[in-house]
Amino acid sequence: MKKIITCIIAMLMINNIAAKGEQDVIQKQNPVMTSDKMTPEVLWSMGRLGSYSASPDGKKIVYQVTYYSVKQNKSHTILYVMNSDGSNSKQLTKSSKSESDAAWLNNNTIAFISGGEIWTMSIDGNNRKQLSNTDGSIEGFAFSPNGKKVLYIKSIPYYGSIRKNPDDLPKTTGMVIDDMNYRHWDHYVTSIPHPFVADVLADGTISKEAKDILDNEPYECPTAPFGGMEQLAWSNDSKTIAYTCRKKEGVEYAISTDTDIYLYDLSTGKTTNLCKPADYKEPKIDASKTMKSQSVNSEENLKNNPGYDTNPSFSPDGKYLAWLSMPRNGYESDRNRLCIYDLKKGTKTYVTESFDSNVDDFCWDKNSKTLYFIGVWHGQENMYKTDLTGNVVQLTDDWADFGSLQMMGDNVLAERHSFSAPADLYVIDVNSDKVTPKQITFENKHILDKLTLGGCDQRWCATTDGKKEMYWIILPPHFDKTKKYPTLLFCEGGPQSPVSQFWSYRWNMQIMAANGYVVIAPNRHGLPGFGQEWLEEISGDWTGQCMDDYLSAIDDAVDSLPYVDKDRLAAVGASFGGFSVYYLAGHHDKRFKCFIAHDGAFNLESMYTDTEEAWFSNWEYEDAYWNKDLSKNAKKTYENSPHKFIDKWDTPILCIHGEKDYRINANQGMGAFNAARIKGIPAQLLLFPDENHWVLKPQNGILWQRTFFSWLEKWLH
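Counting with numbering that gives the first Met the number 0, you get residues 0 to 716 for the letters of the sequence shown.
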């Protein structure tokens, strides 16, 4: 349930429907603007920067941008190439087909995906050549360092949970289901991704004969729903592949976050688990009891890495393998540490222990002694470095978020964004005395120059447990401190996702400000970037301190910020933020004039068994609701489910939900809306039959924004 930028890029690609003809090609847009105000149409006209790659010599960068057409309700992804200083940018994509996932074969040749196949072209966009022939099924790829082989991802049929239907019933839509994990995120699991290795032939094309390195193994790699090529890596000698996999099915899959890092030897076909000993036997797990106290998470077993282990990366000298590692099984928001595995000694070292937050992405320096990483602290996603002994040094201190990074010669190339700026590429000279990111792409400058954006500030306030919380304040454009403004309390999702300097194309702080609202965005208990103790105080206590923190922040804003109108307040949020809104609707003491909840949990007993990733409710609620000996936290959780406080609801509410949301099912939003209407409360339901936990289609996105602001206008003005 985390907001991870690579996940967002992946979902944009899923929605990447190519136009049918050259006349329909969606290109960079220059929207007609009648004012300096951000509108939904202006927001959707912006180019969205995706993956990028520096050439081996560090002199060129290839990157992708996705553009949307609201009229066509489609998107189109285009490749560009430029010099490493940002000069001489040139569009490479020339057709209506989307092109993506660009990588360098050498300093003069770029490989990419078009139509589900691997192609190459020269750096001027010419000499295009199709290399693979897989019926358009390739989802990602990486060539071996010696260029003789290619690793690619392709989905294969899977019948582990949903049975294959009889051949004589080809038109049946029924599904016979035998186990859990029959649907995930927004799709039914009738196929799973597998990694294949194929030879590169003398003419540069790819052999049709490919080896499935998980042959006869019914497990996905990379892991659904957001994993990509970052979960696999070639060794420097091209003899070994490291990959991420959760080798479980059914109930075991649904209740576990135990992914491991494996090494596959191409010459022998042998696979080695680097996280666990060869004779490892997983302790027995009770699926209806919290993982927190079970033996799988005992101190003795934690050395076997029972949590998430992902994203392996070999050091340039080939001596080490680094990856991201969470210690505990079942806890998707555990602290993500940077693990270094000595390939010769077989030992693991964690080199970010002094950083009391998550490592979200990392890369090796070419000296193989330093790693650069990004992580959130106090609402900002900055860049750090560590050595092999764990000496962590902060490099940047910006009111911004870095989303990803990679080496480019002696410098670091990174994506960066903020509340006030969508994603662009920056170069960071990590060897300078003063590290200052230099912006080298300006994808939306032609639009941003015409907009007046609101200001941003931060403030700390006291919490009811005697601590301090930080909240962001986003102000309307043309702000007048002598005026009173309607104010929105932004409730974050996750529940353990940071309120950092994110840029969203739905929950966009600037478009809320542009509509005349002050936004108060608290970093309540349960968010990363304030230490692990602060983060973990929410698990098992969804309606305790974190809810008090929301009210502390909005009360402090009312008392301390003279421009906040206490008589025109609203609470808005999605996912756990939507749950927060449903809960606050019964506990706000008439602070708010209206509510907006998107994809929020309303009935936690139903949510426990509705969600497809059972580990989430298992960890957060601590017990299945039917157990007789509920823990104190579990009992409190179910007793404080929002649906049990409908009798206290008295405020207009807008409920939004996607019917393909299998994380928090649409019955949750429908139930909240129905309850409000039965009780006679003004309510509205915005339902998307074709959207998941997010809203990805352009016209649906516009409708979302219009409905959102129409509701606020009705009740706050």
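In this text, a Cβ means the ideal position worked out from N, Cα and C, and glycines have one as well. Note that the structure is predicted; figures quoted are calculated from it, not measured.
- Per the coordinates, the alpha-carbon of Pro475 lies some 27 Å from the alpha-carbon of Gln495.
- In the same chain as Pro497, and ignoring 5 residues on each side of it, the C-beta atoms closer than 6 Å to its own belong to Val375, Leu526, Pro527 and Gly528, in chain order.
- According to the DSSP assignment, Ile155 belongs to the beta strand (DSSP E) that extends over Lys148 to Pro156.
- Between the alpha carbons of Ile519 and Asp185 lies a gap of roughly 31 Å.
- Unbroken alpha helix (DSSP H) runs of no fewer than 4 residues, entirely contained in the segment 259-302, are found at 298-301, following chain order.
- Lys449 places its beta carbon less than 7 Å from that of Met32.
- Minimum Cα-Cα distance from Ile446 among the listed residues Pro30, Ala241, Leu231 and Phe140 corresponds to Pro30.
- Spanning the alpha carbons of Gly378 and Gln393 requires a straight line of approximately 15 Å.
- Between the C-alpha atoms of Phe195 and Asp540 there is a straight-line separation of about 44 Å.
- Among the bridge pairs identified by DSSP, Val196 is matched with Leu150 and Lys210.
- Assignment of Ile373 by DSSP, reduced to helix, strand and coil, places it in the strand class.
- Going by beta carbons, Ser324 and Asp341 fall outside the 7 Å limit.
- Ile112 is positioned such that its CB atom lies no closer than 7 Å to that of Met120.
- Here Gln90 is exposed: its Cβ has fewer than 16 other Cβ atoms, across all protein chains shown, within 10 Å.
- Asp456 is the residue among Met382, Asp456 and Asp432 whose C-alpha sits nearest the C-alpha of Phe418.
- In the three-state reduction of the DSSP assignment, Thr222 falls in the coil class, being assigned neither a helical nor a strand state.
- Taking a C-beta distance under 7 Å as the contact criterion, Ala584 and Trp648 qualify as a contact pair.
- A distance below 7 Å separates the beta carbons of Glu536 and Gln544.
- When the beta-carbon positions are compared, Tyr279 and Asn303 come within less than 7 Å of each other.
- The segment 467-538 contains, as complete beta strand (DSSP E) runs of 3+ residues, the segments 467-473, 484-490 and 517-521 (chain order).
- In this structure, the beta-carbon distance from Ile373 to Asp360 falls below 7 Å.
- Per DSSP, reduced to three states, the secondary structure at Glu138 is strand.
- Setting aside the 5 residues that flank it on each side, Gly515 is surrounded in the same chain by Pro475, Tyr484 and Pro485, each with a C-beta closer than 8 Å to its C-beta; the list follows chain order.
- Less than 7 Å separates the beta-carbon of Ser160 from that of Asn180.
- Between Ile652 and Ile680 the beta-carbon gap is near 7 Å, inside 8 Å, which marks them as a contact.
- Between Ala569 and Gly492, the CB-CB gap reaches or exceeds 7 Å.
- Between Tyr349 and Arg336, the gap from beta carbon to beta carbon is short of 7 Å.
- In this structure, the beta-carbon distance from Gly46 to Gln63 does not fall below 7 Å.
- In this structure, the alpha-carbon of Pro39 lies about 14 Å from that of Gln28.
- Beta-carbon to beta-carbon, Tyr51 and Leu424 are separated by about 6 Å, close enough to satisfy the 8 Å threshold.
- Under DSSP, the beta-bridge partners assigned to Arg336 are Ser324.
- The segment 230-247 and the segment 259-278 touch, with three or more beta-carbon pairs separated by less than 8 Å.
- Following the DSSP letters along the chain, one finds Val250 in no beta strand (DSSP E) but inside the alpha helix (DSSP H) bounded by residues Gly249 to Ala253.
- Within the segment 583-616, the complete alpha helix (DSSP H) segments at least 4 residues long are 603-609, listed from N- to C-terminus.
- Annotation for Phe687: no alpha helix (DSSP H) segment contains it, though the beta strand (DSSP E) segment containing it runs Ala682 to Phe687.
- Boundaries of the alpha helix (DSSP H) around Ile701: Pro697 to Leu715.
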